[in-house]
Amino acid sequence: MRFLLTLTIFSLLSHGGLANDWPQWRGADGSGVSQDSSLPQSWSEDSGLAWKARLAGQGVSSPIVWGDLVIATSQAGRGVMRPGNHPTLVRGGSGDRFLEAGESPGDKVFFLVEAFDRSSGRLRWSHKFEAGPELAPVHQKSNLASSSPVADGERVYAWFGTGQLVALDAEGKLVWERHIAQQYSPFSIAWGHASSPTVYKDLLILLCDHDPASYLLALDAKTGEERWKADRGQGLRSYSTPLVISADGKDELIVNSSHRLEAYDPATGELLWHTGESNRFPVPVPSFHEGVIYTSRGYRSGPYMAIRPGGRGDVSESHVLWRVATGAPYVSSIVHYQGVIYMANGQGVAKAVDASNGETLWQERIGGVYSASPVAGDGKVYFFSESGEAVVVQAGRQPQVLARNQLEGRFLASPAIAGGRIFVRTDHHLYSLEGGS
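Number 796 in my numbering belongs to position 253 of the sequence shown; there are no gaps in the numbering.
As structure tokens, this is what we get:
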């Protein structure tokens, strides 16, 4: 019995199968909520840090936690800045031009996947490869490392804005690679590709909503070979990541796109239901709790709503439980925690909404600009601002700010929570926060 127990533990560790992993953006279930207790409340550059590690590149992809590794993706080298007016960053922080964007002919651009020791922050391995051959233009708030990696216990998958996709094992060795833009259609989308991969059983599902072609693509996670492809037409846009939910024993893949909100069968790519009007720049990702989908649509104070899954066809009249026409953030996603929905926008306003009916419980100006999505756990809600400040709020139906914590750099990537620590990246660094006095 002792031998079998030891063998089981070794197997879990060797495949990264720890119970408190954060294997994708917004956690194992995609909710942005941690079940950990004793999460940190206060920290600074001088206290409350378990470690701080320098990243070899920049990006807005979120870190993930897989076993004893913290993994982040980056771009090294300058790409191409889209001409004209576009979103700009909060000034301050590191003071340099952000996200390696801007014309610089002759310089090569590389993509990196870096794995750091979860306990110490020591670099365990790095996988680096050249980007290209064509680089999509982006704006100051993004580069071609905007998609977050995802791990399935066997491999980690990293996808970049050129369409290049790699699968690596726990030691950082290449298992397979694909170039989706070259093999299917160009990655041409305003501001650059941002959707992250989604793992479903033995599939890796990719949302490719771009101007030349729009489609969902499911690859065999072990080999990278195509398992199914669902064509969605031309001219759709999405910067959102699909979310897999399970309701009444049936799985659904929820997609936030410029056309509408849709659900697909993740095993086959069959369209199940849809609702909502068009939206120019859909960025947020839904949350799912106790049989209800909570989601916003993004773009300039767009709508947010609650939907019961399981419908067929247009479910706008039959399955939308409530809908608020305006007031949601442009970029960041909402988070459902203990019966309350929390959100913060680009004007520094945080809001709490009753999840049962959509009514506003409180709305406070906390300052900052919020591109990163909030996370919650241990009775607290965390808002990370582009200014480098993190505002910690007591979860509840009344507003109460518990702490304001400042670090160097800027927060655009959403945090990961695992093992009682918060992992977050800034302009040039990856932090492990454990809190302090």
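Don't be surprised by glycine CBs; every beta carbon is placed ideally from N, CA and C.
- The three-state reading of DSSP puts ALA868 in coil, since its state is none of H, G, I, E or B.
- Per DSSP, ALA571 is not a residue of any alpha helix (DSSP H), being assigned neither H nor E.
- Separation of ALA679 and LEU687 (C-alpha to C-alpha, rounded to the nearest whole angstrom) is 8 Å.
- The C-alpha of THR818 is placed about 5 Å away from the C-alpha of LEU804.
- Counting the other Cβ atoms within 10 Å of the Cβ of ASP752 gives 16 or more, which makes it buried.
- Counting every other CB atom within 10 Å of its CB across the protein chains shown gives GLN906 a total below 16, marking it as exposed.
- Under the three-state reduction of DSSP output, ILE960 falls in the strand class.
- For GLN941, the secondary structure class from DSSP, reduced to helix, strand or coil, is coil.
- Taken atom to atom, the span from the alpha-carbon of ASN900 to that of ALA915 is near 25 Å.
- Burial state of GLU768 is exposed, judged by a 10 Å Cβ sphere holding fewer than 16 other Cβ atoms.
- The C-beta distance from GLY978 to TRP586 rounds to 6 Å, short enough to fall under 8 Å.
- If you draw a straight line from the Cα of ALA938 to the Cα of ARG569, it comes to about 18 Å.
- For the pair ARG953 and GLU932, the CB atoms are not nearer than the 7 Å cut-off.
- Runs of the beta strand (DSSP E) lying entirely within the segment 863 to 942 and spanning at least 3 residues, in chain order: 863 to 867, 878 to 880, 883 to 887, 892 to 897, 903 to 908, 918 to 920, 923 to 927, 932 to 937.
- Taken through DSSP and simplified to helix, strand or coil, GLN726 comes out as helix.
- Here the C-alpha atom of TYR880 lies approximately 24 Å from the C-alpha atom of GLN949.
- Counting along the chain, SER690 sits inside no beta strand (DSSP E), nor does DSSP assign it H or E at all.
- At the C-beta level, GLY664 and TRP594 come within 7 Å of one another.
- Excluding its 5 nearest sequence neighbours in each direction, ALA895 has C-beta neighbours in its own chain below 6 Å: VAL883, TYR885, LEU904, TRP905, listed in chain order.
- Judged by their CB atoms, VAL656 and ALA701 are nearer to each other than the 7 Å cut-off.
- At the C-beta level, PHE926 and PRO606 stay beyond 7 Å of one another.
- Pairing TYR743 with LEU749, the inter-Cα distance amounts to about 11 Å.
- Pairing GLU795 with PRO852 gives a Cβ-Cβ distance under 7 Å.
- Collapsing the DSSP output to three states places VAL652 in coil.
- Note on THR741: 16 or more other CB atoms within 10 angstroms of its CB, so buried under the neighbour-count rule.
- Ranked by Cα distance from SER861, the first of GLY870, ILE850, THR869, VAL867 is ILE850.
- In this structure LEU973 is in contact with VAL613, their Cβ atoms being roughly 7 Å apart against a cut-off of 8 Å.
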